[in-house]
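**Q** According to the working numbering, the residues represented by the sequence shown are 711 to 868, in order.
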Amino acid sequence: MQRTIESLAPRVEVYSIDESFADLTGIAEPLGDFAREIQARVRSWTGMPVGIGIGHTKTLAKAAQHASKLYKERTGGVVDLRADHAVEWLLKRMPTQEVWGVGRRISVRLEADGVTTAWQLANTDPIARTKPDGMPPSYKSMVSNQKMLSMAGVNPHC
């Protein structure tokens, strides 16, 4: 899968055995078509179905990739999360525990403070959520200007 992606995207970061990020800066629009081309080629060359998420940051690309599995029938396995309304729609429905890097323990603390969705988290003042050691958490990792693509093999049993 990784070689297939690297043959199509200029800059690829392998995240795990079945997941990669690709920097799509400079790739012509529409990126959804480019993502579907990658999806088709990976399926053709490896037989593996993939879900693809597009976002301005790795965090948003991962959220979009997760949504590509949840809403596969509606999206065909490709979700573009670059438009503000799409980000808001998804993050309002995404529990904080599903945000990349948050996990169960942190989400329990957030929930105790009334923060239950990724949307609430994205709009939380990081200074107000200072860790006990005095360092603000990296909750604002959703803010950047790169176009990123997250791709992961889809487990057909999910």
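Don't be surprised by glycine CBs; every beta carbon is placed ideally from N, CA and C. Since the model is a prediction, treat every value here as computed from it, not as a measurement.
Ignoring anything shorter than 4 residues, give me the alpha helix (DSSP H) runs that lie fully in the region 756 to 828, in order along the chain.
**A** Listed in chain order, they are 768 to 780, 782 to 785, 794 to 803, 813 to 822.
**Q** Helix, strand or coil: which one does DSSP assign to residue 743?
**A** By one-based count along the sequence shown, residue 743 stands at place 33. Note: residue 743 maps to helix in three-state DSSP.
**Q** Can you tell me whether residue 719 is buried or exposed? The criterion is at least 16 other CB atoms within 10 Å of its CB, across all chains shown.
**A** For this step, residue 719 is matched to residue 9 along the sequence shown. So residue 719 ends up on the buried side.
**Q** Give every residue of the same chain whose Cβ lies closer than 7 Å to the Cβ of residue 745, excluding the five residues on either side of it in the sequence, and list them in chain order.
**A** Sequence index remark: in the sequence shown, residue 745 carries index 35 (1-based). Contacts found: 762, 764, 788, 859.
**Q** State the DSSP-derived secondary structure class of residue 738, mapped to helix, strand or coil.
**A** Indexing the sequence shown from 1 puts residue 738 at position 28. The answer is coil: DSSP assigns residue 738 none of H, G, I, E or B.
**Q** Alpha carbon to alpha carbon, what distance is there between residue 743 and residue 812?
**A** Reading the sequence shown from its first residue, position 102 is the one you call residue 812. Reading the sequence shown from its first residue, position 33 is the one you call residue 743. Those two C-alpha atoms are separated by around 31 Å.
**Q** Give me the Cα-Cα distance between residue 808 and residue 792, rounded to the nearest whole angstrom.
**A** As a position in the sequence shown, residue 808 is number 98, starting the count at 1. As a position in the sequence shown, residue 792 is number 82, starting the count at 1. Their backbone Cα atoms lie some 19 Å apart in a straight line.
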